[in-house]
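Notes to accompany the following structure.
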Amino acid sequence: MSFARTERRKSMAERRPSTIYTPPVIPHLAGLEKPQDQYLKINNCDVLILGTGLQESILAASLSWQGTQVLHIDNNNYYGDSCSTLTIEQMKKWCLDVNNNKIHHFQDAQIYIPGGKLNNQYQSKDYGIDLTPKIMFCQSDLLSLLIKSRVYRYLEFQSLSNFHVFENDDFQQKVNATTKQDIFTDKSLSLVTKRNLMKFLKFLLLDSEQDYKSRIKPYKDQPIQQFLQQEFKLEDPQINELVYSIGLSYKEQTTTKEALIRIKRFLSSFDVYGKFPCMVSKFGGPGELSQGFCRSAAVAGTTYKLNTQLTDFDPTTKIAHFDDGSHIKINEKVIISPTQIPKFLQSSYDKISENLQPYFVTRLVTVVRRDCKEWMSGNESSAIVVFPPHSLPTDNQSSVQVIIQNGGSGVCPDGQAIWFSNTVEQDLNRAKADLESAFEKMEASLLREASSEEIVNDMLNDNDFVMSEQGTPIVANSFKLGSSLVNFVPKEKLEIVCKLGYVEKTFVNPNLSNIFKPTSDNNIVLKDVQDANNEIIFMNMPSSELSYDGIITDVKSIYQRITGTTDDFFDVDFEDEEDEYDINNQPVVPPKRSSVVGGIVGGGTSGTNLAALREQQHATSNENAIDSDDDMDDDQGRGPEPFGADEMEL
Numbered sequence: 125m126s127f128a129r130t131e132r133r134k135s136m137a138e139r140r141p142s143t144i145y146t147p148p149v150i151p152h153l154a155g156l157e158k159p160q161d162q163y164l165k166i167n168n169c170d171v172l173i174l175g176t177g178l179q180e181s182i183l184a185a186s187l188s189w190q191g192t193q194v195l196h197i198d199n200n201n202y203y204g205d206s207c208s209t210l211t212i213e214q215m216k217k218w219c220l221d222v223n224n225n226k227i228h229h230f231q232d233a234q235i236y237i238p239g240g241k242l243n244n245q246y247q248s249k250d251y252g253i254d255l256t257p258k259i260m261f262c263q264s265d266l267l268s269l270l271i272k273s274r275v276y277r278y279l280e281f282q283s284l285s286n287f288h289v290f291e292n293d294d295f296q297q298k299v300n301a302t303t304k305q306d307i308f309t310d311k312s313l314s315l316v317t318k319r320n321l322m323k324f325l326k327f328l329l330l331d332s333e334q335d336y337k338s339r340i341k342p343y344k345d346q347p348i349q350q351f352l353q354q355e356f357k358l359e360d361p362q363i364n365e366l367v368y369s370i371g372l373s374y375k376e377q378t379t380t381k382e383a384l385i386r387i388k389r390f391l392s393s394f395d396v397y398g399k400f401p402c403m404v405s406k407f408g409g410p411g412e413l414s415q416g417f418c419r420s421a422a423v424a425g426t427t428y429k430l431n432t433q434l435t436d437f438d439p440t441t442k443i444a445h446f447d448d449g450s451h452i453k454i455n456e457k458v459i460i461s462p463t464q465i466p467k468f469l470q471s472s473y474d475k476i477s478e479n480l481q482p483y484f485v486t487r488l489v490t491v492v493r494r495d496c497k498e499w500m501s502g503n504e505s506s507a508i509v510v511f512p513p514h515s516l517p518t519d520n521q522s523s524v525q526v527i528i529q530n531g532g533s534g535v536c537p538d539g540q541a542i543w544f545s546n547t548v549e550q551d552l553n554r555a556k557a558d559l560e561s562a563f564e565k566m567e568a569s570l571l572r573e574a575s576s577e578e579i580v581n582d583m584l585n586d587n588d589f590v591m592s593e594q595g596t597p598i599v600a601n602s603f604k605l606g607s608s609l610v611n612f613v614p615k616e617k618l619e620i621v622c623k624l625g626y627v628e629k630t631f632v633n634p635n636l637s638n639i640f641k642p643t644s645d646n647n648i649v650l651k652d653v654q655d656a657n658n659e660i661i662f663m664n665m666p667s668s669e670l671s672y673d674g675i676i677t678d679v680k681s682i683y684q685r686i687t688g689t690t691d692d693f694f695d696v697d698f699e700d701e702e703d704e705y706d707i708n709n710q711p712v713v714p715p716k717r718s719s720v721v722g723g724i725v726g727g728g729t730s731g732t733n734l735a736a737l738r739e740q741q742h743a744t745s746n747e748n749a750i751d752s753d754d755d756m757d758d759d760q761g762r763g764p765e766p767f768g769a770d771e772m773e774l
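If you want this note's numbering, it's the 1-based position in the sequence shown plus 124.
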């Protein structure tokens, strides 16, 4: 199929930027913006990489910038592999390929389009559906690499600050704010809870390392709930918010050590670039980043070719044969994505992976005709919703995590939204039931919110209102109204454009333990393929982790196997004159925190000032998250109430 006739969304090199900043010239990719050669025109290379997923693309760029000759191919007609961002029509074909066993590590793919394309009236290319969606914390090694490598200049980022937790049949957001003013003006929290919460936040961010280790030592391997209850007297609503929403933990028995690292990740990311802890890339997630690193690799000399498969490789002669008839010599290694394993290597892969623990990630993607702004901050286009264990009618054992993105994020038309939900429940029937139950709760909540005005008119009469001193009517019978909202049964169904479900199999533990502490017993990257002379390395599938954490560590493990060290990983001085001058050759003035700045749009940044803004704000990130000057303990009545609480309306 010709690259020009392939249905796809506009690439980052083809679409108009969303902001006033004009990015530098974006290099074109073979098979995407420019035609590729029918046959490979090189005789040899140092490293052959199969699959253009995010890890593979970062690896290709890192090797290329160190002078390694890389050939990077993909058997698909698009970039991204298992990290791709696809249109609805592409998703239809992908589902067929999965169910026909043409794409490994995915199964049970189903797509539902009510009324079909004609009656549904959608344009396939208006939608960008991530196969493995993720969010990026502002304090993360991948974001640092995007800045260092200058790949961020090809991308646009948006802020994400709203994290919701589902409890008591409602979506709460109690402790996402991390300043003392926000916490102490939250009328839903008692003064005691506020004090306890602030004590915990101060402990996590400001205590010395020695005090920190000493305090958690008795609880290190105990469930985090026990530590928070006994040491800080926190209650279940705050614990759920901290552990499952802010910490994005997935199981009830998350250890204190692991949960605190996850919670601190959120808090330390807050105010690095602004009043938000996370970002998402516009127009798509890992697929956009994969494409960006491929462009960087191409600039450094990597050869790219889509629609190409490896058909044979002789480890002795190091000659590789491809389905286009070409053959080349591989001087060093062959790196293979799990979804692109050639048939002649499938038995070898099965052999070395047979003792690895598989983990299943069940995903449900729903495109709805609502913008879902109810879950988002004013000018943002994304939000997170989490269902903690045991919060659903199905009595879910693992949390259900949902990324919501509407038209402002560039993944669907305005007035619509995509819900990316997932669970690591290993019983696949239960997992699917949990995801469907979470969808029903979100649907009911959204329709209830939209119908609240109608409910007020239907349920209340004149006797249910009284006049305030200012002469405005207020509800006297709030219990009556509250009961009607809780027991609300929607009269309509949420209009759905598309619903997609599938299961991913990965060998990466959901807690990432075998990524951060890899061995040849627990990580396929470190396993040797029999009779391959140490020439072939298989990569990992994407993890279930909702953030990009662990990806750089995973890539470095492979990089070290190839080069023997990670000391020179992206150790390059990238020229970046655009950081200092705009397109009119005028000096760039660092923007104020509230404006649109370097790379984030719609609440964030666009273009070249992302790195400068980080330097500007990094020094005060933790101090802005929490103030250490005030004394929390005032049990004996000495001095003012903590944090000026005596002056606040509580």
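Backbone N, C-alpha and C fix where the C-beta goes; we use that ideal spot for every residue, glycine too. Just so you know, these numbers come straight off a predicted model, no measurement behind them.
Going by DSSP, Asn455 is part of the beta strand (DSSP E) stretching over 451-460. When DSSP states are grouped into helix, strand and coil, Gln654 belongs to the coil group. Of all alpha-carbon atoms in Phe468, Lys406, Ser471, Leu270, the one lying nearest the alpha-carbon of Lys134 is that of Lys406.
If you draw a straight line from the Cα of Tyr163 to the Cα of Lys429, it is about 9 angstroms long. Distances from the CA of Tyr343 to each of Phe631, Gln334, Gln354 were compared; the closest alpha carbon is that of Gln354. Going by C-alpha positions, Ile675 is about 8 angstroms away from Pro666. Around the Cβ of Arg139, a 10 Å sphere holds fewer than 16 other Cβ atoms; the residue is exposed.
Here Thr677 is near Phe640, since their CB atoms are less than 8 angstroms apart. With a 10 Å radius around the Cβ and a threshold of 16 neighbouring Cβ atoms, Asp519 comes out exposed. Within the same chain, and ignoring the five residues on either side of Thr209 in sequence, the residues whose Cβ sits closer than 6 angstroms to its Cβ are Gly252, Asp254, Gly408, Gly411.
With fewer than 16 neighbouring CB atoms inside 10 Å of its own CB, Thr440 falls in the exposed class. In the three-state reduction of the DSSP assignment, Tyr336 falls in the helix class, which pools H, G and I.
By the CB criterion at 8 angstroms, Leu284 and Cys402 fall inside the cutoff. An exposed status is given to Ser312, since fewer than 16 other beta-carbon atoms sit within 10 Å of its beta-carbon. Gln529 is bridged by DSSP to Ser506, Ile542.
Remark: C-beta atoms of Ser477 and Phe230 do not approach each other more closely than 8 angstroms.
For the pair Glu382 and Lys249, the CB atoms are not nearer than the 8 angstroms cut-off. Under the Cβ criterion (8 angstroms, minimum of three pairs), the stretch 527-545 counts as touching the stretch 492-509. In the structure shown, Phe324 adopts helical secondary structure according to DSSP, grouped into three states. When the Cα atoms are used, Trp543 and Asn657 turn out to be separated by approximately 45 angstroms. Rounded to the nearest whole angstrom, the C-alpha separation of Lys341 and Val510 is 29 angstroms. The DSSP-derived three-state label of Asp221 is helix. Boundaries of the beta strand (DSSP E) harbouring Asn168: 168-174, taken from the DSSP string. Counted as a single uninterrupted DSSP element, the stretch harbouring Leu267 is not any beta strand (DSSP E) but the alpha helix (DSSP H) occupying residues 265-273. Relative to the Cα of Ile508, the nearest Cα in the group Ile465, Ser515, Met500 belongs to Met500. Taking 8 angstroms as the upper bound for CB-CB distance, Ile443 and His451 are in contact here, some 6 angstroms apart.
For Glu616, the closest C-alpha among the options Ala568, Leu413, Lys651 is that of Ala568.
For Asn364, the CB contacts under 7 angstroms within the same chain, skipping 5 residues up- and downstream, are Val289, Glu291, Pro512 in chain order. In this structure the stretch 178-186 touches the stretch 417-426; the number of beta carbon pairs closer than 8 angstroms is three or more. In the displayed model, Ala424 falls within coil according to three-state DSSP, outside both helix and strand.
Cβ-Cβ separation between Tyr374 and Ser545: approximately 13 angstroms, too far for a contact (criterion under 8 angstroms). Taken through DSSP and simplified to helix, strand or coil, Gly240 comes out as helix. Residue state for Tyr683 is assigned as helix, using DSSP reduced to three classes. DSSP places Met403 in the strand class (E or B) of the three-state scheme. The C-alpha of Ile166 lies about 54 angstroms from the C-alpha of Asp345.
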